[in-house]
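Engineer: Just so it is clear: in the sequence shown, position 12 is 15 by our numbering, and no numbers are missing.
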Amino acid sequence: MPATAPTPAPTLPSGPGNPAFYEVFGERYFVMPGSEGYREQGIASWYGEPFHGRRTSSGAVYDMHELTAAHKTLPLPSFVRVTNLDNGRGVVVKVNDRGPFAEGRIIDLSYAAAQELGIIKSGTGRVEVEALVTEREQNAKSAVAPASQRIFLQVGAFGDEANASRLKGNLESSGVQNVVIRYDDAVSPALYRVRVGPLSGSAEYDALAARMASLQIANPQLVMESQPPRGLPSTP
4 MPATAPTPAP TLPSGPGNPA FYEVFGERYF VMPGSEGYRE QGIASWYGEP
54 FHGRRTSSGA VYDMHELTAA HKTLPLPSFV RVTNLDNGRG VVVKVNDRGP
104 FAEGRIIDLS YAAAQELGII KSGTGRVEVE ALVTEREQNA KSAVAPASQR
154 IFLQVGAFGD EANASRLKGN LESSGVQNVV IRYDDAVSPA LYRVRVGPLS
204 GSAEYDALAA RMASLQIANP QLVMESQPPR GLPSTP
């Protein structure tokens with residue numbers, strides 16, 4: 004049974020998969036604020052069985068039989084039309100994942116999308132990718148402000164609150180400001196996450212990461228937090 008093309012809907016990019024920037028294999032990628040006007044030609048690849056059933060960067064479960072795709076910098080979700088430049092075949096896909104990170108590739112298609120374009124056997128193909136922005140989506144963007152994302156550097160995660168408080172105190176004694184502890188009971192066992200932020204952007208992030216290295220804080224991580232609703236305090 005052929006896959007059904009997704010219908011572009013007024014979905015606003017926010018939440019999982021849309022940090023201001025992220026790093027993979029030492030390369031930094033900045034997520035686009037919107038998809039309008041995006042058009043690019045390059046090499047497409049596809050991913051299938053090994054990833055079937057896994058979580059995508061957007062939080063959705065990857066289904067290789069649906070018309071979806073991964074892109075490094077388009078906001079999630081986005082809708083794009085992908086055209087095979089060698090045979091003229093085209094398909095509309097929903098971008099809900101990050102990748103591909105192999106050099107020279109611009110989009111990673113689901114098995115179903117690759118089948119529509121005729122690149123299953125070859126593994127890759129020359130394509131044009133064009134973003135689709137509907138009138139409904141444009142109206143939705145003007146009517147609803149997307150949730151803002153704040154940048155933090157996570158410097159530790161502990162099962163014991165005392166250990167988290169100790170690290171917080173040590174950092175503050177070293178002159179580090181805006182150190183917070185976030186209690187996370189979405190994991191088991193629950194964790195107390197020590198973070199610094201919010202940060203203004205990549206320059207402050209880099210400076211803070213270097214400072215953590217000088218303080219022998221290993222493997223700090225970039226994390227994003229949604230801005231709390233206006234009038235509600237954030238958790239200290």
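Every residue, glycine too, gets a C-beta built ideally from N, C-alpha and C. These numbers come from a predicted model, not from an experiment.
1. From which residue to which residue does the beta strand (DSSP E) around residue 195 run?
2. Mind checking residue 44: buried by the 16 CB within 10 Å criterion, or exposed?
3. Cα-Cα, which of 106, 115 and 108 is closest to residue 95?
4. Going by other Cβ atoms of all chains shown within 10 Å of its Cβ, with 16 needed for buried, is residue 239 buried or exposed?
5. With respect to the beta strand (DSSP E) encompassing residue 156, which residues constitute its N-terminal and C-terminal limits?
6. Does the distance from the C-beta atom of residue 111 to that of residue 50 stay below 8 Å?
7. Between 213, 205 and 215, which has its C-alpha nearest residue 31's C-alpha?
8. Output the boundary residues of the beta strand (DSSP E) element that contains residue 43.
9. Helix, strand or coil: which one does DSSP assign to residue 189?
10. Less than 7 Å between C-beta atoms, sequence neighbours within five positions excluded: which residues of the same chain meet that for residue 177?
11. Identify the residues that DSSP records as bridge partners of residue 86: which are they?
12. When burial is assigned at 16 or more other CB atoms within 10 Å of the CB, is residue 20 buried or exposed?
13. From residue 131 to residue 194, what distance separates their C-alpha atoms?
14. Can you name the residues that DSSP bridges to residue 33?
15. Between 70, 42 and 81, which lies nearest to residue 61 when the distance is taken from Cα to Cα?
16. For residue 70 and residue 123, what's the separation of their Cα atoms in angstroms?
17. By the 10 Å Cβ neighbour count, where 16 or more other Cβ atoms means buried, how is residue 229 classified, buried or exposed?
18. If you draw a straight line from the alpha carbon of residue 182 to that of residue 53, how long is it in whole angstroms?
Structural biologist: The answer reads as follows:
1. As a working note, residue 195 is residue 192 in the sequence shown. Unbroken beta strand (DSSP E) run through residue 195: 194 to 202.
2. Counting from one through the sequence shown, the residue named residue 44 turns up at place 41. The residue in question, residue 44, is exposed, as its Cβ has fewer than 16 Cβ neighbours within 10 Å.
3. The residue you call residue 95 lines up with position 92 of the sequence shown. Selected option, being the one with the closest Cα: 115.
4. The residue you call residue 239 lines up with position 236 of the sequence shown. Confidence is the limiting factor: at residue 239 the pLDDT is only 47, short of 50, which leaves the residue's position unreliable and the question unanswerable from this model.
5. For the purposes of this step, residue 156 is identified with residue 153 of the sequence shown, where counting begins at 1. Counting along the chain, the beta strand (DSSP E) containing residue 156 begins and ends at 152 to 161.
6. Counting from one through the sequence shown, the residue named residue 111 turns up at place 108. Counting from one through the sequence shown, the residue named residue 50 turns up at place 47. Yes, the pair counts as a contact, with Cβ atoms nearer than the cut-off.
7. Position 28 of the sequence shown holds residue 31. Selected option, being the one with the closest Cα: 205.
8. Within the sequence shown, residue 43 is the residue found at index 40, counting from 1. First-last of the beta strand (DSSP E) with residue 43: 42 to 50.
9. Position 186 of the sequence shown, counted from the start, is the residue given in the question as residue 189. Residue 189 falls in the coil class under three-state DSSP.
10. As a working mapping, residue 177 is identified with position 174 in the sequence shown. Closer than 7 Å at Cβ, skipping near neighbours: 218.
11. Your numbering for residue 86 matches position 83 in the sequence shown. According to DSSP, which records beta bridges pairwise, residue 86 is partnered with 93 and 131.
12. Here the question's residue 20 lines up with position 17 in the sequence shown. When all chains shown are included, residue 20 counts as buried.
13. Taking the sequence shown and counting its residues from 1, one reaches residue 131 at position 128. Taking the sequence shown and counting its residues from 1, one reaches residue 194 at position 191. Going by the C-alpha atoms only, they are around 44 Å apart.
14. Residue mapping note: residue 33 aligns to position 30 of the sequence shown, counting from 1. Residue 33 is bridged to 24.
15. Position 58 of the sequence shown holds residue 61. Nearest of 70, 42 and 81 to residue 61, Cα basis: 81.
16. Position 67 of the sequence shown, counted from the start, is the residue given in the question as residue 70. Position 120 of the sequence shown, counted from the start, is the residue given in the question as residue 123. Using only the alpha carbons, I get a separation of about 14 Å.
17. Counting from one through the sequence shown, the residue named residue 229 turns up at place 226. Exposed, because fewer than 16 other Cβ atoms sit within 10 Å of the Cβ of residue 229.
18. Here residue 182 refers to the residue found at position 179 of the sequence shown. Here residue 53 refers to the residue found at position 50 of the sequence shown. Distance between the alpha carbons of residue 182 and residue 53: 39 Å.
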